[in-house]
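Visitor: Shown below is the structure under consideration.
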Amino acid sequence: MTTLFDQFYDATGRFRRPYGEKVVSHPYTEAMVKECLDRLANEPNSKISKRCRIYRNGRQLGPFEAKEFIVDVSRFPTLASVAWEEITAGEPFLIFVNFAALLSHELGEASRRFIGDFGQRFEPDGISIEHHLIIGKYDETAFGVHIDDATDRVFHFNLGPSAKEMILWPREDYLASYNGDVARPLKSVSMNGSQTYPMPVGGCFFLPADYYHVGRSPHGVSIVVSLALTRNSCKHQLASAVGALDLFTHVDESADDYYRDFSSRPNPDAVANVWVKAEEIGFANLLEHARARNRSNNYLIEISPINASPLPDEAAWFEIRDPSNLQVIEHDGSLNVYSRGHYALLYNTVDIKTFRDAIEAGRFEYSMQHFQNARRRGDRGTALLGWVIATKGAVRSGAPE
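Last residue of the sequence shown? That's 1770 in the working numbering, and every number before it is there in order.
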């Protein structure tokens, strides 16, 4: 399924040009989008998640009003059956959702298969991939004419039911025209030098980084799944290395002291622990850990929480279908394991050998009894195989060959 990405990317720089396809094969469905909206509606808070922003007639709804809006949408069994005109009173509207793969397991799994090994060509610094949902009927998005980060490239897949369009202006020409006042509503921008790209139902539009742009869906509701691909610049990698440090420092810091006394200082022992650990591991090793974590999740920025099915009562065979989902780093006699973005550690040589033997074989037999027995006898290597299953690093297969 990497053909689409290969079509837009090559070493000669085709990734710099906008391009649209009227019909393209992709794995995304309205059911996946509906699952995301239902999850937002069913979250226990009265406020909408920060991952979701909703606009009506150009005005962003407050967090409580936005939650009510999503709940109203969720009451309909399918997106095709939603009475948008009734819910919005005929007003233009826009729903924008970040990190959508955290809301739909099927959406994330579809992207893993779709992307395939495309991200591997950007090693060692890598890329990161994030999902957005863009749903609505609007003369222009509430963001107006804007430009994305220079490290981003975005694929838009229009599920319908209405066509959409994207208007683009070359960056240098646009900057010269507006003398620094560049984030503008469409009505205040000249169309001279722009180009409009249709995004028909079933089509795909590729947006490069070097263009100011604005999206429009004036003729009806469009439902768009977008994949934002970001090159990991030095700043991205610095931030990810600092994030990796958090895995090893385990700072347990309460905010109670700050509530009582704003002049309170952090626990000096905790501060010392952070910097001692940082020096002990070293920046290069932290960066290696950050890259391994990213690689293990197939470059998706959304790391889904562990939501494991019960282990089978009877012994079954499990296989590691995608070895890149399991990344291991040896450091000072320990084995650091990343499985689809999640982290675990082994430090006993016997446990490490037990775990490595199973992983290198690519398949292993396992059950709830295996896990319980391993826990009882302190066999962390075998117990960790249960964690690999829980994180979806290994999946159930047939009998051994």
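Using N, Cα and C, we set each Cβ at its ideal position, and we do this for glycine too.
So which of Phe-1483, Ala-1677, Gln-1738 has the shortest CA-CA distance to Asn-1761?
Guide: Note on residue identity: the sequence assigns Lys, not Asn, to residue 1761. Closest by alpha carbon: Ala-1677.
Visitor: Output needed for His-1588: all residues of its chain with C-beta closer than 6 Å, excluding positions within five of it in sequence on either side, in chain order.
Guide: Taken in chain order, the residues that qualify are Ser-1531.
Visitor: How do the region 1407-1420 and the region 1474-1491 stand: do at least 3 beta-carbon pairs fall below 8 Å, yes or no?
Guide: Verdict: no, contact absent.
Visitor: Within the same chain, show all residues whose beta-carbon is closer than 7 Å to that of Asn-1636, passing over the 5 residues directly before and after it, in chain order.
Guide: So the qualifying residues of the chain are Glu-1622.
Visitor: Can you list, in chain order, the residues of its chain whose CB lies under 6 Å from that of Ala-1763, leaving out five sequence neighbours each side?
Guide: Hits under 6 Å: Phe-1687, Ile-1689, Val-1757.
Visitor: With a threshold of 16 other CB atoms inside 10 Å of the CB of Met-1560, please say whether the residue is buried or exposed.
Guide: Met-1560 comes out exposed.
Visitor: Out of Leu-1598, Ser-1609, Val-1640, which one is the CA nearest neighbour of Glu-1657?
Guide: The option with the nearest alpha carbon to Glu-1657 is Ser-1609.
Visitor: Evaluate the contact criterion for the region 1458-1471 versus the region 1424-1440: three or more CB pairs, one atom per stretch, below 8 Å.
Guide: In short, these stretches touch, since the Cβ pair count reaches three.
Visitor: Among the residues of its own chain, which have a CB less than 8 Å from the CB of Gln-1738, if the five just before and after it don't count?
Guide: Same-chain partners within the cutoff: Asp-1682, Ala-1684.
Visitor: Return the CA-CA distance between Arg-1725 and Phe-1733, expressed in angstroms with no decimal places.
Guide: Cα-Cα distance, rounded: 11 Å.
Visitor: Can you tell me which of the three DSSP states Pro-1681 falls into?
Guide: Three-state DSSP puts Pro-1681 in coil, outside helix and strand.
Visitor: Do you know offhand how far Thr-1618's Cα is from His-1711's?
Guide: Whole-angstrom Cα-Cα distance: 16 Å.
Visitor: Report all residues from its chain with a CB closer than 6 Å to the CB of Asn-1667; omit the five preceding and five following residues, and keep chain order.
Guide: Result list for Asn-1667: Arg-1481, in chain order.
Visitor: Taking 7 Å as the limit between beta carbons, can you name the residues of its chain near Gly-1477, skipping five residues before and five after?
Guide: If we look at Gly-1477 and ignore the five residues flanking it on each side, its Cβ neighbours are Ala-1470, Leu-1669, Glu-1671, Ser-1673.
Visitor: Out of Tyr-1378, Ser-1415, Thr-1718, His-1582, point me to the one whose CA is closest to Glu-1509's CA.
Guide: Of the listed residues, the one whose Cα sits closest to Glu-1509 is His-1582.
Visitor: For Glu-1770 and Cys-1573, I'd like the C-alpha separation in whole angstroms.
Guide: Confidence at Glu-1770 is low in this model, with a pLDDT of 45, below 50, so its placement is unreliable and no value can be given for it.
Visitor: Do Ser-1595 and Ile-1503 have their CB atoms nearer than 9 Å?
Guide: Yes, they are a contact pair.
Visitor: State the start and end residues of the unbroken alpha helix (DSSP H) segment that holds Lys-1436.
Guide: Segment 1432-1443, the alpha helix (DSSP H) holding Lys-1436.
Visitor: Can you check whether the CB of Leu-1528 is closer than 9 Å to the CB of Tyr-1397?
Guide: Taking 9 Å as the Cβ cut-off, Tyr-1397 and Leu-1528 qualify as a contacting pair.
Visitor: With distance defined between alpha-carbon atoms, name the residue in Leu-1753, Ala-1759, Leu-1406 nearest to Val-1451.
Guide: Among Leu-1753, Ala-1759, Leu-1406, the Cα nearest to that of Val-1451 is on Leu-1406.
Visitor: Run the CB neighbour count on Val-1590, radius 10 Å, all protein chains shown included, and call it buried at 16 or more, exposed below.
Guide: Under this definition Val-1590 is a buried residue.
Visitor: From Glu-1648 to Ile-1484, what distance separates their C-alpha atoms?
Guide: The straight-line gap from Cα to Cα measures roughly 36 Å.
Visitor: Short of 6 Å in beta carbon distance, which residues of its chain neighbour Ser-1633, apart from the five on each side in sequence? Order them along the chain.
Guide: So the qualifying residues of the chain are Asp-1626, Tyr-1627.
Visitor: Looking at the structure shown, is Ala-1552 part of a helix, part of a strand, or coil, going by DSSP?
Guide: Correct three-state label for Ala-1552: coil.
Visitor: Out of curiosity, what's the CA-to-CA distance linking Leu-1472 and Ala-1479?
Guide: In a straight line, the C-alpha of Leu-1472 is about 13 Å away from that of Ala-1479.
Visitor: Confirm, please, whether the CB-CB distance from Thr-1520 to Ala-1435 is below 9 Å.
Guide: In this structure, Thr-1520 does not lie closer than 9 Å to Ala-1435 by Cβ.
Visitor: Take the Cβ of Ala-1639 as the centre, count every other Cβ of all protein chains shown within 10 Å, and call the residue buried at 16 or more, exposed below.
Guide: Exposed, by the Cβ-count rule.
Visitor: Are the Cβ atoms of Ser-1586 and Tyr-1716 separated by less than 9 Å?
Guide: For Ser-1586 and Tyr-1716, no; Cβs fall outside 9 Å.
Visitor: What are the uninterrupted segments assigned as beta strand (DSSP E) that are 3 or more residues long and contained completely in the region 1512-1563, given in chain order?
Guide: Fully enclosed beta strand (DSSP E) runs of 3 or longer: 1521-1530, 1533-1539.
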